[in-house]
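Novice:
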Amino acid sequence: MHLDMDAFFASVEQLTRPTLQGRPVLVGGTGGRGVVAGASYGARAFGARSAMPMHQARRLVGSGAVVLPPRGNVYRVVSARIFGLVRDAIPVIEMLSFDEAFGEPVELAGASVEEVTAFAERLRARIRDTVGISASVGFGSGKQIAKIASGLAKPDGVMAIPPTRELAFLHALPVRKLWGIGPVSGDRLHRLGIETIGDFAAMSDIEVVSVLGATLGPALHRLAMGIDDRPVAERASAKQISAESTFARDLVELDELRPAIEAAADGAHRRLLADGRGARTVVLKLKRSDMSVLTRSMTLPAATTELGVLTSAAQRLALDPRSIGPIRLVGVGFSGLTAVQQFSLFAELDEEWADLAVTEDGEDAEAAFVAAGPSSDAVVAAVGPEGETGVAAGHIGDAGDAVQTWETGTDVTHPDHGHGWVQGSGHGVVTVRFETRATGPGRAVTFGVGEPTLRRADPLDSLAWPDLRTTEAPDPG
Numbered sequence: 001m002h003l004d005m006d007a008f009f010a011s012v013e014q015l016t017r018p019t020l021q022g023r024p025v026l027v028g029g030t031g032g033r034g035v036v037a038g039a040s041y042g043a044r045a046f047g048a049r050s051a052m053p054m055h056q057a058r059r060l061v062g063s064g065a066v067v068l069p070p071r072g073n074v075y076r077v078v079s080a081r082i083f084g085l086v087r088d089a090i091p092v093i094e095m096l097s098f099d100e101a102f103g104e105p106v107e108l109a110g111a112s113v114e115e116v117t118a119f120a121e122r123l124r125a126r127i128r129d130t131v132g133i134s135a136s137v138g139f140g141s142g143k144q145i146a147k148i149a150s151g152l153a154k155p156d157g158v159m160a161i162p163p164t165r166e167l168a169f170l171h172a173l174p175v176r177k178l179w180g181i182g183p184v185s186g187d188r189l190h191r192l193g194i195e196t197i198g199d200f201a202a203m204s205d206i207e208v209v210s211v212l213g214a215t216l217g218p219a220l221h222r223l224a225m226g227i228d229d230r231p232v233a234e235r236a237s238a239k240q241i242s243a244e245s246t247f248a249r250d251l252v253e254l255d256e257l258r259p260a261i262e263a264a265a266d267g268a269h270r271r272l273l274a275d276g277r278g279a280r281t282v283v284l285k286l287k288r289s290d291m292s293v294l295t296r297s298m299t300l301p302a303a304t305t306e307l308g309v310l311t312s313a314a315q316r317l318a319l320d321p322r323s324i325g326p327i328r329l330v331g332v333g334f335s336g337l338t339a340v341q342q343f344s345l346f347a348e349l350d351e352e353w354a355d356l357a358v359t360e361d362g363e364d365a366e367a368a369f370v371a372a373g374p375s376s377d378a379v380v381a382a383v384g385p386e387g388e389t390g391v392a393a394g395h396i397g398d399a400g401d402a403v404q405t406w407e408t409g410t411d412v413t414h415p416d417h418g419h420g421w422v423q424g425s426g427h428g429v430v431t432v433r434f435e436t437r438a439t440g441p442g443r444a445v446t447f448g449v450g451e452p453t454l455r456r457a458d459p460l461d462s463l464a465w466p467d468l469r470t471t472e473a474p475d476p477g
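Quick note on the UniProt record's numbering: the sequence shown kicks off at 1 and runs consecutively.
#1: Note the first and the last residue of the continuous alpha helix (DSSP H) segment covering E306.
#2: Just confirm the distance between the C-beta atoms of I324 and L294, as a whole number of angstroms; I'd bet it's less than 8 Å.
#3: Please name the residue or residues paired with V92 in a DSSP beta bridge.
#4: Note down, in chain order, each residue of its chain lying with its Cβ closer than 6 Å to the Cβ of E366, except the 5 sequence neighbours on either side.
#5: On the DSSP letters alone, give me the boundaries of the beta strand (DSSP E) that T408 sits inside.
#6: Is there contact here, the stretch 267-282 with the stretch 303-315, by at least three beta-carbon pairs under 8 Å?
#7: State the CB to CB distance for the pair Q56 and S40, rounded to an integer number of angstroms; the pair is presumed to be in contact (CB under 8 Å).
#8: So, does the stretch 237-250 touch the stretch 184-195, judging by three or more C-beta pairs under 8 Å?
#9: Considering only C-alpha positions, which residue in the set A260, S312 and T19 is nearest to A444?
#10: Whose CA, out of A313, S462 and L273, lies closest to the CA of V412?
#11: DSSP state of G193, grouped into three classes?
#12: Flag this pair as yes or no: are the beta carbons of L454 and H414 separated by less than 7 Å?
#13: Pull up the CB-CB distance for V232 and E94, whole angstroms please, since I reckon it's below 8 Å.
#14: Ordered along the chain, which non-local residues of its own chain (more than five positions away) have a Cβ less than 7 Å from that of D314?
#15: What's the gap between the Cα of E435 and the Cα of R23?
#16: Who are the near neighbours of D99 in its chain, counting only those whose CB is closer than 6 Å to its CB and skipping five residues on each side?
#17: I want to know whether the stretch 53-67 touches the stretch 199-216 - three or more CB-CB distances under 8 Å.
#18: Between the alpha carbons of P452 and T410, how many angstroms are there, rounded?
#19: For W406 versus V422, is the C-beta spacing smaller than 7 Å?
#20: For the beta strand (DSSP E) that G103 lies in, which residues bound it at each end?
#21: Roughly how many angstroms lie between the CA atoms of G420 and V432, to the nearest whole one?
#22: Do F102 and K143 have their CB atoms nearer than 7 Å?
#23: Give me the Cα-Cα distance between S312 and A172, rounded to the nearest whole angstrom.
#24: Whole-angstrom Cβ separation of L85 and T130, contact assumed at under 8 Å?
#25: In terms of residue numbering, what span does the beta strand (DSSP E) encompassing E256 cover?
#26: Starting from M54, trace the beta strand (DSSP E) in both directions and tell me its first and last residue.
#27: Ignoring anything shorter than 3 residues or poking outside the stretch 113-201, list the beta strand (DSSP E) runs there in chain order.
#28: Which same chain residues end up closer than 8 Å to F83 when comparing Cβ atoms and leaving out the 5 residues on each side of it in sequence?
#29: Could you spell out the range, first to last residue, of the beta strand (DSSP E) harbouring A109?
#30: According to DSSP, is P374 part of a helix, a strand, or is it coil?
#31: Determine, using beta carbons only, whether P91 and V27 come nearer to each other than 7 Å.
#32: In whole angstroms, give me the CA-to-CA distance for G213 and L178.
#33: Look at residue 481 and V35 and say whether their C-beta atoms are less than 7 Å apart.
#34: For my contact list, A48 and L60 are in at a C-beta cut-off of 8 Å; report their separation, rounded to the angstrom.
#35: Is the beta carbon of G226 less than 7 Å from the beta carbon of L167?
#36: Using a 10 Å radius around the Cβ and a threshold of 16 neighbouring Cβ atoms, would you call K147 buried or exposed?
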């Protein structure tokens, strides 16, 4: 069984901000490099999708788009509650990310399509009634079939593929549907006329190895032939998450190294978001042309998932290839992983890094740089450069006073109106929609930006779960 929450980030925003139900919601950043981390089905109807540049998604959706910054702790807590319910039905599950997991219900071995569908509907109903989020579920004899089936069941559906139909079902699908075939390998196969999974399955072993390599090729070929005996197993928490690339030509200029670091940081960031924790330490790995390795690290003031902050730290660790020699491999890793995150709202955070020590681990530190943890191409960078997360901002105070910004999406509280969120601000006023998961759609109230009774609030309060603080509060460590 593969269970996948539907448009999870956007669905959580609509759950806790009921006015947004049915609206085209985009979760992500609005900076120059801001991309969509999650899109509601209302936004997808316009062509918006995860991994798309935010400026492009906003153009597609138009003026009705609601753009919100990510709230990592809220997603983590909702995920914990959902998969707590799943574990009640299936004790062993294999988490892939915040919003998806494999399970292997023992009682469904040899069951009919009707029986597994009934099981899924009971589980989906419990999640929907208890949490308020919809899920799609796929079943098959192996992980590959189950994951493809859940994707085809979206949104809010169930698909069970009986063993007698699996090969016909699988072989008719486009080859890019095969879990593990990405854009590069997909293009290679397309150039050879391989369009479907069935075409790929019909290739000889020698052809597969020549196109996709001796390691990845045979494994994917087995999956294409319907052979998938991988067990469901609990994943250990990664100690470090990283991404690295080797270049066909050595990098010899700093201007060549900068984009390589940015690309590696972006790849590691996708895995970080899928893992669900924030990172406090950033590690840069440089392998020189003589195969020696240099790693440098920096520890930030607080754990974060912000792409701009993490990339900026990695760039600060860069060394000029003209000084250290040509570079053949660049990697960026994140460690010091914790569920407690601090989403930076101010570029001034960079100033705090000036006094931070940079640790150079020497040339024998390659073993310490380990890529680990689940990854998901569907979950991508959620913020823009330098931690840009807001859509609009207002200011409190006159020139020379301390400045208070009211970014769109900020959780706030008021002594009379309760918990709410900033819908927008500017021209000296801020508009707040007062609502939570429990209230239904709330009313909007406009204040002057200097209103002293309006305060920032804990985003978790938008869930309005009375037992939250004792059962699912963030780990303070």
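We treat Cβ as the ideally placed atom computed from N, Cα and C, and that holds for glycine.
Specialist: On the basis of the coordinates in this document:
#1: The sequence position of residue 306 within the sequence shown is 306, counting from 1. It is not in any alpha helix (DSSP H) - E306 carries neither H nor E in the DSSP assignment.
#2: In the sequence shown, the residue the question calls residue 324 occupies position 324. In the sequence shown, the residue the question calls residue 294 occupies position 294. Confirmed, Cβ separation roughly 7 Å.
#3: For the purposes of this step, residue 92 is taken as the residue at position 92 of the sequence shown. None, per the DSSP bridge assignment.
#4: Position 366 of the sequence shown holds residue 366. Unreliable positioning characterises E366 in this predicted model, as indicated by a pLDDT of 35, which lies under 50. The coordinate reading is nonetheless provided below. V293.
#5: Taking the first residue of the sequence shown as position 1, residue 408 is located at position 408. That residue, T408, is in no beta strand (DSSP E); it is neither H nor E in DSSP.
#6: yes
#7: On the sequence shown, residue 56 is found 56 positions in, with the first residue counted as 1. On the sequence shown, residue 40 is found 40 positions in, with the first residue counted as 1. Incorrect: roughly 16 Å between the Cβ atoms, too far for contact.
#8: no
#9: On the sequence shown, residue 444 is found 444 positions in, with the first residue counted as 1. It is T19 whose Cα lies nearest to the Cα of A444.
#10: Residue 412 sits at position 412 when you count from the first residue of the sequence shown. Ranking A313, S462 and L273 by Cα distance to V412 puts S462 first.
#11: The residue labelled residue 193 in the question sits at position 193 within the sequence shown. In the structure shown, G193 sits in coil (DSSP, three-state: anything other than H, G, I, E or B).
#12: Sequence index remark: in the sequence shown, residue 454 carries index 454 (1-based). Sequence index remark: in the sequence shown, residue 414 carries index 414 (1-based). Yes, Cβ-Cβ distance for L454 and H414 is below 7 Å.
#13: Working through the sequence shown from its first residue, we reach residue 232 at position 232. Working through the sequence shown from its first residue, we reach residue 94 at position 94. So it is a contact: roughly 5 Å between Cβ atoms.
#14: For the purposes of this step, residue 314 is taken as residue 314 along the sequence shown, with counting starting at 1. The sequence shown places Ala at residue 314, rather than the Asp named in the question. Result list for A314: I261, A265, V282, L284 and V332, in chain order.
#15: Taking the sequence shown and counting its residues from 1, one reaches residue 435 at position 435. Taking the sequence shown and counting its residues from 1, one reaches residue 23 at position 23. In a straight line, the C-alpha of E435 is about 16 Å away from that of R23.
#16: As a working note, residue 99 is residue 99 in the sequence shown. Excluding sequence neighbours, D99 sits near M5 and F8.
#17: The answer is no - the stretch 199-216 does not touch the stretch 53-67, with fewer than three Cβ pairs under 8 Å.
#18: The residue given as residue 452 occupies position 452 in the sequence shown. The residue given as residue 410 occupies position 410 in the sequence shown. A direct Cα-to-Cα measurement between P452 and T410 gives close to 16 Å.
#19: Position 406 of the sequence shown, counting from 1, holds the residue named residue 406. Position 422 of the sequence shown, counting from 1, holds the residue named residue 422. Closer than 7 Å, so yes.
#20: Position 103 of the sequence shown holds residue 103. Per DSSP, G103 belongs to the beta strand (DSSP E) from E100 to G103.
#21: Numbered from 1 along the sequence shown, position 420 holds the residue referred to as residue 420. Numbered from 1 along the sequence shown, position 432 holds the residue referred to as residue 432. G420 and V432: Cα-Cα distance of roughly 6 Å.
#22: The sequence position of residue 102 within the sequence shown is 102, counting from 1. The sequence position of residue 143 within the sequence shown is 143, counting from 1. Yes, the pair counts as a contact, with Cβ atoms nearer than the cut-off.
#23: Taking the first residue of the sequence shown as 1, we reach residue 312 at position 312. Taking the first residue of the sequence shown as 1, we reach residue 172 at position 172. Straight through space, the alpha carbons of A172 and S312 are spaced by roughly 45 Å.
#24: Along the sequence shown, read from residue 1 onward, the residue named residue 85 stands at position 85. Along the sequence shown, read from residue 1 onward, the residue named residue 130 stands at position 130. The Cβ separation is near 6 Å, so the contact holds.
#25: Working through the sequence shown from its first residue, we reach residue 256 at position 256. Segment L254 to D275 is the alpha helix (DSSP H) holding E256; no beta strand (DSSP E) there.
#26: For the purposes of this step, residue 54 is identified with residue 54 of the sequence shown, where counting begins at 1. Taken as a continuous stretch (DSSP letters only), M54 belongs to no beta strand (DSSP E), being part of the alpha helix (DSSP H) at M54 to V61.
#27: The qualifying runs are 135-139 and 158-160.
#28: Translated into positions along the sequence shown, residue 83 becomes position 83. Correct list, in chain order: I93, M95 and A101.
#29: For the purposes of this step, residue 109 is taken as the residue at position 109 of the sequence shown. It is not in any beta strand (DSSP E) - A109 carries neither H nor E in the DSSP assignment.
#30: Within the sequence shown, residue 374 is the residue found at index 374, counting from 1. Annotation note: pLDDT 32 at P374 (below 50); position unreliable, no value reported.
#31: The residue given as residue 91 occupies position 91 in the sequence shown. The residue given as residue 27 occupies position 27 in the sequence shown. Taking 7 Å as the Cβ cut-off, P91 and V27 do not qualify as a contacting pair.
#32: Position 213 of the sequence shown, counted from the first residue, corresponds to residue 213. Position 178 of the sequence shown, counted from the first residue, corresponds to residue 178. Taking the straight line joining both Cα atoms gives about 16 Å.
#33: No answer is possible for residue 481: it lies beyond the span of the chain, which begins at 1 and ends at 477.
#34: Your numbering for residue 48 matches position 48 in the sequence shown. Your numbering for residue 60 matches position 60 in the sequence shown. So it is a contact: roughly 5 Å between Cβ atoms.
#35: Reading the sequence shown from its first residue, position 226 is the one you call residue 226. Reading the sequence shown from its first residue, position 167 is the one you call residue 167. Against a cut-off of 7 Å, the Cβ pair of L167 and G226 comes out as a contact.
#36: Against the sequence shown, residue 147 aligns to sequence position 147. K147 should be labelled buried.
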